[in-house]
Amino acid sequence: MGHLDHATFGWLTPVLSYAMACIGAALGLRCTVRALGTTGRSRRNWLLTAASAIGTGIWTMHFVAMLGFSVSGTDIRYDVPLTILSLLVAMVVVSVGVFAVGYSRDRTRALLLGGLTTGLGVASMHYLGMAAVRLHGHVVYDPVFVALSVLIAVVAATVALWAALNIKSPIAVTVASLVMGAAVSSMHYTGMFAVAVRVTPSGSILPGATAMQFIFPLAVGLGSYLFLTSAFVALSPTARERDASASAQRPVEGAAAR
Numbered sequence: 019m020g021h022l023d024h025a026t027f028g029w030l031t032p033v034l035s036y037a038m039a040c041i042g043a044a045l046g047l048r049c050t051v052r053a054l055g056t057t058g059r060s061r062r063n064w065l066l067t068a069a070s071a072i073g074t075g076i077w078t079m080h081f082v083a084m085l086g087f088s089v090s091g092t093d094i095r096y097d098v099p100l101t102i103l104s105l106l107v108a109m110v111v112v113s114v115g116v117f118a119v120g121y122s123r124d125r126t127r128a129l130l131l132g133g134l135t136t137g138l139g140v141a142s143m144h145y146l147g148m149a150a151v152r153l154h155g156h157v158v159y160d161p162v163f164v165a166l167s168v169l170i171a172v173v174a175a176t177v178a179l180w181a182a183l184n185i186k187s188p189i190a191v192t193v194a195s196l197v198m199g200a201a202v203s204s205m206h207y208t209g210m211f212a213v214a215v216r217v218t219p220s221g222s223i224l225p226g227a228t229a230m231q232f233i234f235p236l237a238v239g240l241g242s243y244l245f246l247t248s249a250f251v252a253l254s255p256t257a258r259e260r261d262a263s264a265s266a267q268r269p270v271e272g273a274a275a276r
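Following this line, the structure appears as structure tokens:
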């Protein structure tokens, strides 16, 4: 068995990956709150933004953490198509859960179904990302830790959707996002503790791209998307602010008409 190191760069990758998960969660919650206060196309657009933020945050968390993953006795490469597919899976499954909550009249049923679907999807993203790993040897999994990681993913997704429905204030959203970030990180590292690698020494060149060639630039790009979207959401007026602005304009328009 090869020795696995989940933090090659010390605390840098765990802390940074946790931060990405928290930012994605906070942005997704704020967008969902905005969506529930609107209707029509505006609600759809806010829900799409929420899903992309949460999905991007989860995926970025996973692969930033993977920057610190190494195995003694072998190099590591990543299959590019599978890695991109894992990102698309994260986006799609989170969209299913967010839209279920955003449009369903039976909120309890939507919460349970959306949480289950999203949680299984997040777990699928994680293990699809692991399937993209190329190394000299074979990866094996402890089924107990795999099952535990899936359970954590489902619970975390359900709690996230519940928070999107019930938490409105900025302070509460911040606290919820910190908890959700911890849950997503816990799911990731629980899944990684399930991993063991049987190294087969070889001098052949591994297919795929290194983490620094592909994962790092993509993670930086998606992280930049999260920060830019956060700025856009922060600068966009809320439904209450738009209503207040419209109310303030009506007396002015009435006075001008007279």
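Per my numbering: the sequence shown = residues 19 to 276.
From the three backbone atoms N, C-alpha and C, an ideal C-beta is built for every residue, glycine too.
Would you identify the three-state DSSP class for residue i, choosing helix, strand or coil?
i	result
Thr-26	coil
Ala-212	coil
Arg-61	helix
Ala-227	strand
Ser-104	helix
Ser-167	helix
Gly-115	helix
Gly-120	helix
Ser-254	coil
Gly-73	helix
Glu-259	With a pLDDT of 47 at Glu-259, under the threshold of 50, the modelled position of that residue is not reliable, and the figure given next carries that caveat. Looking at Glu-259 - three-state DSSP - the assignment turns out to be helix.
Ser-222	coil
Ile-185	coil
Gly-55	coil
Thr-50	helix
Quick one: give me the first and last residue of the beta strand (DSSP E) that residue i is part of.
i	result
Gly-155	155–159
For residue i, which residues from the same chain have a beta carbon less than 7 Å from its beta carbon, with the 5 sequence-adjacent residues on both sides left out?
i	result
Pro-219	Gly-91, His-154
Ala-69	Met-109, Val-112, Ser-113, Val-116
Asp-97	Ala-150, Arg-152, Gly-226
Arg-216	Met-19, Gly-155, His-156, Val-158
Lys-186	Val-51
Glu-259	With a pLDDT of 47 at Glu-259, under the threshold of 50, the modelled position of that residue is not reliable, and the figure given next carries that caveat. Correct list: empty, nothing qualifies.
Pro-99	none
Ala-175	Gly-115, Gly-133, Thr-136, Gly-137, Val-140
So what does residue i bridge to, in DSSP terms?
i	result
Ser-88	Asp-23
Tyr-207	Answer is none; Tyr-207 lacks a bridge partner.
Val-217	Gly-155
Tyr-96	Val-151, Ala-227
Can you name, in chain order, every residue of its own chain whose Cβ lies under 6 Å from the Cβ of residue i, other than the five neighbours on each side?
i	result
Ser-104	Met-143, Leu-146, Gly-147
Tyr-36	Gly-199, Ser-203
Val-168	Ala-141
Run the CB neighbour count on residue i, radius 10 Å, all protein chains shown included, and call it buried at 16 or more, exposed below.
i	result
Ile-102	exposed
Phe-245	exposed
Thr-26	exposed
Trp-29	exposed
Ser-60	exposed
Leu-106	exposed
Arg-123	exposed
Gly-239	exposed
Met-230	exposed
Arg-127	exposed
Ile-72	buried
Phe-250	exposed
Ser-222	exposed
Among the residues of its own chain, which have a CB less than 8 Å from the CB of residue i, if the five just before and after it don't count?
i	result
Val-119	Thr-50, Arg-125, Ala-128, Leu-129, Gly-132, Leu-179, Ala-182, Leu-183
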